[in-house]
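Visitor: Going line by line, the protein sequences match chains Z and L. Using full-length UniProt numbering, the letters of the first sequence map in sequence onto residues 1 to 427. Using full-length UniProt numbering, the letters of the second sequence map in sequence onto residues 1 to 229. A virtual CB, placed ideally from N, CA and C, is assigned to each residue, including glycine.
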Amino acid sequence: MRTQPLTICEKTLIVESLRAGKRLDFRSREEFRNVKLIVGSEIGTAICSIGQTKVICAVSAEITEPSSMRPQKGVINIDVDLSPMANYSHEHDRMGQKGMELTRLLELIIRDSRCIDVESLCIRAGKEVWKIKVDVRILDEDGSILDCACLAAITALQHFKRPNVTLEPHHTLVYSEYEKSPIPLNIYHMPICTTIGLLDKGSTIIIDPTEKESECLDGTIVVACNKRKEVCALHQSTNLILTTKQIENCVKLAMSRAEELSSVVIDVIRQDQRERSAFKRPSGFAITSPAIILNENRVVAQQIRAPIKMEIEQEEIEEEESEKQRQAYQSSVIMNENPLRSDGVKQEEIDEEQMIDEQLANIQQSVNRVELDNKQSLDRHGEIQEVDDLLAGLGDDDEEEESTVVTLGDTVDEEDEIVLVAKKKRF
Amino acid sequence: MDGRRPSQIRNINTRLGLNRNAEGSCYIEHGNTKVLCAVYGPYEGKASKRLENRCSIVCQYSATTFSGLERKNRPRGDRKSTEISRLLEKAFESVILTDSFPRSQIDIFCEVIQGDGSNLAACINAISLALADAGIPMKGIASAVTCGVIEGKPIVDLTSREETDLLPRVTLATISGRDEVVLVELQNRLHIDHLNTVMETAKSTCADVYECLAVVAQQHIRACAPILG
Chain Z
1 MRTQPLTICE KTLIVESLRA GKRLDFRSRE EFRNVKLIVG SEIGTAICSI
51 GQTKVICAVS AEITEPSSMR PQKGVINIDV DLSPMANYSH EHDRMGQKGM
101 ELTRLLELII RDSRCIDVES LCIRAGKEVW KIKVDVRILD EDGSILDCAC
151 LAAITALQHF KRPNVTLEPH HTLVYSEYEK SPIPLNIYHM PICTTIGLLD
201 KGSTIIIDPT EKESECLDGT IVVACNKRKE VCALHQSTNL ILTTKQIENC
251 VKLAMSRAEE LSSVVIDVIR QDQRERSAFK RPSGFAITSP AIILNENRVV
301 AQQIRAPIKM EIEQEEIEEE ESEKQRQAYQ SSVIMNENPL RSDGVKQEEI
351 DEEQMIDEQL ANIQQSVNRV ELDNKQSLDR HGEIQEVDDL LAGLGDDDEE
401 EESTVVTLGD TVDEEDEIVL VAKKKRF
Chain L
1 MDGRRPSQIR NINTRLGLNR NAEGSCYIEH GNTKVLCAVY GPYEGKASKR
51 LENRCSIVCQ YSATTFSGLE RKNRPRGDRK STEISRLLEK AFESVILTDS
101 FPRSQIDIFC EVIQGDGSNL AACINAISLA LADAGIPMKG IASAVTCGVI
151 EGKPIVDLTS REETDLLPRV TLATISGRDE VVLVELQNRL HIDHLNTVME
201 TAKSTCADVY ECLAVVAQQH IRACAPILG
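(1) Residues in the same chain with beta-carbon distance under 7 angstroms from Thr53/Z, minus the five sequence neighbours each way, listed in chain order, please.
(2) Closer than 9 angstroms by beta-carbon distance: list the chain L residues that pair up with Leu261/Z, in chain order.
(3) Who are the neighbours of Asp208/L on chain Z, taking C-beta pairs under 8 angstroms?
(4) Can you tell me which of Asn34/Z, Leu360/Z, Thr7/Z puts its alpha carbon nearest to the alpha carbon of Glu260/Z?
(5) Return helix, strand or coil for Gln303/Z, following the three-state DSSP convention.
(6) Kindly identify the DSSP beta-bridge partner or partners of Asn77/Z.
(7) Taking 8 angstroms as the threshold (C-beta atoms), are Ser176/L and Gly115/L in contact?
(8) Report back the beta-carbon spacing between Val231/Z and Leu186/L to the nearest angstrom; my notes put them in contact at under 8 angstroms.
(9) Which same chain residues end up closer than 6 angstroms to Arg15/L when comparing Cβ atoms and leaving out the 5 residues on each side of it in sequence?
(10) Just to confirm, is the Cβ distance from His159/Z to Gly44/Z under 8 angstroms?
(11) Nearest CA to the CA of Trp130/Z: which residue from Ser256/Z, Val118/Z, His170/Z?
(12) Tell me, to the nearest whole angstrom, how far the beta carbon of Leu253/Z is from that of Asp218/Z; I am working on the premise that it is less than 8 angstroms.
(13) Going straight from the alpha carbon of Ser17/Z to that of Arg23/Z, what length do you get?
(14) First and last residue of the beta strand (DSSP E) that includes Asp107/L?
(15) Per DSSP, what kind of secondary structure is Val118/Z in: helix, strand or coil?
(16) On a Cα-Cα basis, can you pick out the residue from Pro184/Z, Leu106/Z, Glu248/Z, Thr204/Z that is closest to Glu200/L?
(17) Looking at chain Z, is there any beta carbon in it that lies within less than 8 angstroms of the beta carbon of Val182/L?
(18) Using the beta-carbon of each residue, which ones in chain Z are nearer than 8 angstroms to Glu70/L?
(19) Around the Cβ of Phe279/Z, are there at least 16 other Cβ atoms within 10 angstroms (buried) or fewer (exposed)?
(20) Can you give the Cα-Cα distance for Met138/L and Val215/L, rounded to whole angstroms?
(21) Got a sec: is the Cβ-Cβ distance from Ser128/L to anything in chain Z below 8 angstroms?
(22) Assign Gln273/Z to one of three DSSP states: helix, strand, or coil.
(23) On a Cα-Cα basis, can you pick out the residue from Ala121/L, Gly140/L, Glu89/L, Ile84/L that is closest to Leu108/Z?
(24) May I ask you to verify whether the region 33 to 44 of chain L touches the region 58 to 78 of chain Z, counting CB pairs closer than 8 angstroms and requiring at least 3?
(25) If the cut is a Cβ gap below 9 angstroms, which residues of chain Z does Ser62/L touch?
(26) Just to check my reading of the structure: Val39/Z and Asp267/Z have Cβ atoms closer than 8 angstroms, yes? What is that Cβ distance to the nearest angstrom?
(27) Check whether chain L comes within 8 angstroms of Met190/Z, counting only Cβ atoms and requiring the distance to be less than that.
(28) Grab me the residues of Ser262/Z's own chain with a C-beta within less than 8 angstroms of its C-beta, minus the 5 sequence neighbours each way, in chain order.
(29) Closest by CA to Gln60/L, which one among Ile127/L, Ile141/L, Arg189/L?
(30) Quick one: which chain Z residues come within Cβ less than 8 angstroms of Lys46/L?
(31) Nearest chain L C-beta to Lys22/Z closer than 8 angstroms, yes or no?
(32) Where Lys309/Z and Thr33/L are concerned, what is the direct C-alpha to C-alpha distance, given to the nearest angstrom?
(33) Starting from Asp140/Z, follow its DSSP beta bridges and name the residues at the other end.
(34) Run through chain Z and tell me which residues come within less than 7 angstroms of Glu29/L, C-beta to C-beta.
(35) Quick one: is Met355/Z near chain L, going by C-beta distance under 8 angstroms?
(36) Measuring only the C-alpha atoms, how far is Cys57/Z from Ile47/Z?
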């Protein structure tokens, strides 16, 4: 299936407004879109979104035999999937030119810039090494996919921990995470990629172009840098003629961006580690990601609870957010009442226990809220306990039965009513 | 490594017009790097690749199984060679005056017979000469060079032994030795302070290479003149 080309009117509109220094999404020419980074509850997973572009990345490890040329080095494998889901011009199971370019550039950035210490991935020289598999999936596409994919991959790699191993004379013991704590990868530096669009033979620079903008542009140049002011990759993905001055200019722009973003990545990872070390259950995106995908345009991403939300130059008020979260929870519970939706949930194979836990937490929250509302009530303690017992009973049942999840959903919605009923009985 | 000065390129040997069937062909040697190139077209190509306003360029890069240090399993189709093909296509789309041949196609075939570093640069030089031999109108003869950095000092025209080292390398291609970059490719990490010097060195070396290529092309045309009449 081919995408519709832009109409001439649309093209001229975009080009003219770009020349005037304005953009259709109210950015200036040298402004980036908001970046959201979310690390998953599973180790080594991350979702990154830049504007509407969304990429998920998962890192896994397995033991393989190294190649005979490099017996002491681990292997890093990068796999990119440009599914038709993101953009229906992509063919299923086949990589087009775009996919090839994306894979090759990611390899160039992550593997060839030697940001990961491959020697530390060696278990037994020439026999066993770790193979790190980086799977990148493009969920939604709206320009600068490479930036997004690169950021997701780097975050996932930072987040990833490989299992601990010990060497015995004739075999290797691999420990699970409960026996011995897993080891993070040795990462020397974080290459961050920036796409820079060029217009009018490179005289006009447009940063972080969207899909429509990049169709109007003459071409783009991709620069990968790290915060130590090193250029890791430079790629001119265009057929236009540039001067070396312009290229150097682009590199400087990318450099400042790399510094910003690498601190964001570090913050995300650090916060996740802090939460994990405090034995807090990492919420991840196990539940949120289907919701994000299903309600892409209807639900604002802020409503979905994520472990960390990083938004450059945009701060949210805590209370507002928590209020929104509560709303989001209730809506998700309401969704369960719908038989179709609950089926959908079953198919997604969401961790049931976790969901129930979430719901229970939610109930507790709303109970607390009710508590605040009825401050005057004298015997509220008894009530709350009663409700708690009731809910605990329900919760226990739910672990075996799927269908009762629906009942639980009802309870949450009729939370206030239950309290009222209890009150009436009391009086 | 091989007794050259840092800014000295390897010897360039060329022969033009050796393929009987192709419109233009070229064999080029950069020291031990040997590349054979043939250009077919412009002709009415496949309908799927046809463009209404300009001609499409299809490039195929392949390195023989015995070209490198390791024996390759297959000469083309792996990721690296498809990537190089794409780079070459993009570079030459901006070099060739594609507007002059609408609805047609130009095929470029590149074969690395022996790879001893700077393969991509050698391919670009070979294609430029082959295109000149075929008489396809271009903005100028493109020339390319691979440049590396050792301890802050740029060295040009890397051999394969130098390439396998940990040093960063930049491949730069310009048109007619002017400040018109059609291709830039950077590998490994390079500090921003060195970028400027590397670019400058690469650019001036490109101009030098262009001089060589231009002389070759002129000689060839002069030799062909009596035949053409």
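Guide: This is what the structure holds:
(1) Cβ neighbours of Thr53/Z beyond the five flanking positions: Asp140, Glu141, Asp142, Gly143, Ser144, Ile145, Cys148.
(2) Within chain L, no residue comes near Leu261/Z; the closest Cβ sits about 17 angstroms away, beyond 9 angstroms.
(3) Here the premise fails: no neighbours, minimum Cβ distance about 16 angstroms.
(4) With distances taken between Cα atoms, Glu260/Z lies closest to Asn34/Z.
(5) Because the pLDDT of Gln303/Z is 42, which lies under 50, any placement of that residue in the model is unreliable, and the number read from its coordinates should be weighed accordingly. In this structure, Gln303/Z counts as helix in the three-state DSSP scheme.
(6) Lys133/Z.
(7) With contacts defined as CB atoms closer than 8 angstroms, Gly115/L and Ser176/L fail to qualify as a contacting pair.
(8) For a cut-off of 8 angstroms, the C-beta gap from Val231/Z to Leu186/L is around 6 angstroms, short enough to register as a contact.
(9) Contacts found: Tyr27.
(10) Result yes, Cβ atoms of His159/Z and Gly44/Z sit closer than 8 angstroms.
(11) Answer by Cα proximity: Val118/Z.
(12) Actually they are not in contact, since the Cβ atoms of Leu253/Z and Asp218/Z sit about 17 angstroms apart, beyond 8 angstroms.
(13) Approximately 6 angstroms, taken between the alpha carbons.
(14) It spans 105 to 114 - the beta strand (DSSP E) in which Asp107/L sits, taken as one unbroken run.
(15) In the structure shown, Val118/Z sits in coil (DSSP, three-state: anything other than H, G, I, E or B).
(16) The shortest Cα separation from Glu200/L among Pro184/Z, Leu106/Z, Glu248/Z, Thr204/Z belongs to Glu248/Z.
(17) For Val182/L, the answer is yes, since a Cβ of chain Z falls inside 8 angstroms of its Cβ.
(18) Those are Met69, listed as they occur along chain Z.
(19) Burial call: exposed.
(20) Pairing Met138/L with Val215/L, the inter-Cα distance amounts to about 17 angstroms.
(21) By this cut-off, Ser128/L is not an interface position.
(22) It is helical.
(23) It is Ile84/L.
(24) Counting C-beta pairs with one atom in each stretch, the region 33 to 44 of chain L and the region 58 to 78 of chain Z have fewer than three that are closer than 8 angstroms, which means they do not touch.
(25) Near Ser62/L there are no residues of chain Z at all, since even the closest Cβ is about 16 angstroms away, more than 9 angstroms.
(26) Between Val39/Z and Asp267/Z the beta-carbon gap is near 11 angstroms, outside 8 angstroms, which marks them as no contact.
(27) Taking a beta-carbon distance threshold of 8 angstroms, Met190/Z does not count as an interface residue toward chain L.
(28) Once the five neighbours on either side are set aside, the close Cβ partners of Ser262/Z are Met190, Ile192, Asn226, Lys227.
(29) Looking at the Cα atoms, Ile127/L is the closest of the given residues.
(30) The premise fails here: Lys46/L is roughly 16 angstroms from chain Z at the closest Cβ pair, so nothing lies under 8 angstroms.
(31) Contact with chain L is absent for Lys22/Z, since none of that chain's Cβ atoms lies less than 8 angstroms from the residue's Cβ.
(32) Model confidence at Lys309/Z stands at a pLDDT of 45, short of 50, so the residue's coordinates are unreliable; what they give is reported in the following sentence. If you take the alpha carbons of Lys309/Z and Thr33/L, they lie about 52 angstroms apart.
(33) By DSSP's assignment, Asp140/Z forms a beta bridge with Lys54/Z.
(34) Identification of chain Z residues near Glu29/L by a Cβ-Cβ cut-off of 7 angstroms yields none; the smallest Cβ-Cβ distance measures about 27 angstroms.
(35) Answer no: the Cβ-Cβ gap between Met355/Z and chain L never drops below 8 angstroms.
(36) Roughly 6 angstroms separates the two Cα atoms.
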